[in-house]
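Numbering of the sequence shown is given in the working numbering, commencing with residue -8 and proceeding in unit increments.
C-beta atoms are modelled at their ideal positions from N, C-alpha and C, and glycine is treated no differently.
Predicted, not measured: the structure shown is a model, and the values here were computed from it.
Read the structure below first, then the notes.
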Amino acid sequence: MHHRARTFLFFILICIFCIGTPLVVLFSQGYRFDIKQKKIVQTGALHIKTKPSSAAIAINGKQKRIRSSRFLYSGTVFRNLVPGNYNITISSSSSLPWEKNISIEPSLVTKSTHVALPLSPPPTKTLFTSTSTFRYIASTNDEAFLVSSDKKSLFSQSLNDTSQKQIFPIPTATTTLEKSEIILSAFPSASTHNTLVNTNKKSYVISNGETISLEKPLQTIANQNKAPVSRLLWHPFDDAILFGFTSSANYWIHLPDMTIGTFLKEKIIGWSSAGSRAYFLSAQGTLYEFSTQLQPTSTPLTTIDPTLFSRFPLAIHALGDNRFVIHEPSGILLLIDIPSLHSELVDTAVKHLVISSDASRMAYLTNDNQLSAYSLEPTVDDSIYSQYEKIRLADIPETSKPLAIYFANDNWYLVLPTEWGAFITEIDKRLPLNLWVISFEKKIVPVAFRSQDAALIWQMDSTFSASRLLP
-8 MHHRARTFLF FILICIFCIG TPLVVLFSQG YRFDIKQKKI VQTGALHIKT
42 KPSSAAIAIN GKQKRIRSSR FLYSGTVFRN LVPGNYNITI SSSSSLPWEK
92 NISIEPSLVT KSTHVALPLS PPPTKTLFTS TSTFRYIAST NDEAFLVSSD
142 KKSLFSQSLN DTSQKQIFPI PTATTTLEKS EIILSAFPSA STHNTLVNTN
192 KKSYVISNGE TISLEKPLQT IANQNKAPVS RLLWHPFDDA ILFGFTSSAN
242 YWIHLPDMTI GTFLKEKIIG WSSAGSRAYF LSAQGTLYEF STQLQPTSTP
292 LTTIDPTLFS RFPLAIHALG DNRFVIHEPS GILLLIDIPS LHSELVDTAV
342 KHLVISSDAS RMAYLTNDNQ LSAYSLEPTV DDSIYSQYEK IRLADIPETS
392 KPLAIYFAND NWYLVLPTEW GAFITEIDKR LPLNLWVISF EKKIVPVAFR
442 SQDAALIWQM DSTFSASRLL P
């Protein structure tokens, strides 16, 4: 080859190296040419995790993924996305679709890892059917308490299978109800091994297949205090102890030997428990913590202005670490964080409230059907939520009349059962907010929500069923 040709070729190769090497480096670091901006920009990525894992994902209307379900599934990452706004839609057969407008930032991974597509129609399993008529009165995670139509018998119905048993009056026992005596309520203890049953005349405890009448200790308290016990409450962790409240003094009852003791000679207007601790709020506004001993001793924690409240009893939710949420029947919602010296009147018209199992957030529905979430702790997840941040989610149609709120999908979804089905929504600041409606053909009575499999337990006539709402 001629010397001049070799020199020219060498010069070309040097130019290619000088120009190409930076381009290769930039390409490897995620830089791309943005046609709209007509310049090189650093790209971002999108991480999406769906339930079911086989859901189809489309970005700006272009389908990007259809994958069969995998056992080990950690989500899908879409790389090298030019910064900007993208419309993401996710769909699956027999499910309701999900949609979100997501902003991709340079060199960052944007996440949507809590996508669960509601099942439509939800698969339904019949739990129990009877020729008799039952009315639901209470439930735990695993069982519901049902009272017969004549209010003379109490049954325990499993929420996991079809098993049912009569627990009061115990068929083999001698305890019977008086002719005019009817069952009003039932409350399981913390361990669910014992059950407190209240009738219009007496109170009983069902323990280990035996019925214990509380007539004598309650009469003793009434004679000592010259006022009857207005409410009985289980000890937060000891099945052998009941708390009894009167208008001026309060008592504990040790069930094995029926011994009685007094504590806190003030009227109690609210109570709660967290782990091994019990908390009571007096009518004077003092919040007390009680010891774990048989005979409780009180320790004042803080004082709350009692004039804030006009209706009782108050629902006090202990979040741990001396943090409390107080909900008054008229709708006042108050947050008290004693270590941080933070007190906040969150809302004044709350009718339904739920707090997540990890006490990181709560959600509530107001009297005008406005659904909101509130961050109790700072959370860095798909989005960043600061502590004490309120997120307005959706306005639920007034005609729907939700009966409760439940957390689902690792506390990132909310389920609001109604007489005709349920609303399901997500906790996400990004728009649009997904609000799904699950409709049943006939009117139902929602009983409970089983969080482990996102199943709504409901009653129709004498049939109890479980409908799985989320995959």
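When secondary structure is reduced to three states using DSSP, R421 falls in the coil class, being assigned neither helix nor strand. Here DSSP, grouped into helix, strand and coil, assigns A129 to strand.
In the structure shown, K207 falls within a helical segment according to DSSP collapsed to helix, strand and coil.
L255 is positioned such that its CB atom lies no closer than 7 angstroms to that of A231. In this structure, D296 is the residue among S84, P291 and D296 with its C-alpha nearest to the C-alpha of G276. In the displayed model, F303 falls within coil according to three-state DSSP, outside both helix and strand.
DSSP places A181 outside both helix and strand once states are collapsed to three, so it counts as coil. Between L108 and I81 the beta-carbon gap is near 7 angstroms, inside 8 angstroms, which marks them as a contact. If you look at A399, you'll find it in the beta strand (DSSP E) that goes Y397 to A399. Using a 10 angstroms sphere on the CB of I448, the tally of other CB atoms reaches 16 or more, which defines it as buried. Rounded to the nearest whole angstrom, the CA to CA distance from R421 to Y77 is 12 angstroms. Per DSSP, the continuous beta strand (DSSP E) segment holding G252 begins and ends at T250 to F254. The residue from T166, L168, S366 and F159 with its alpha-carbon nearest to that of A177 is F159. Looking from the CA of T294, the closest CA among V406, E319, L332 and L310 belongs to L332.
One Cα belongs to P330, the other to T290, and the distance between them is close to 16 angstroms. Of the candidates S264, I259 and I327, I259 places its Cα closest to the Cα of F303.
Secondary structure of P393 (DSSP, three-state): coil. L110 and S83 have their C-alpha atoms some 9 angstroms from each other.
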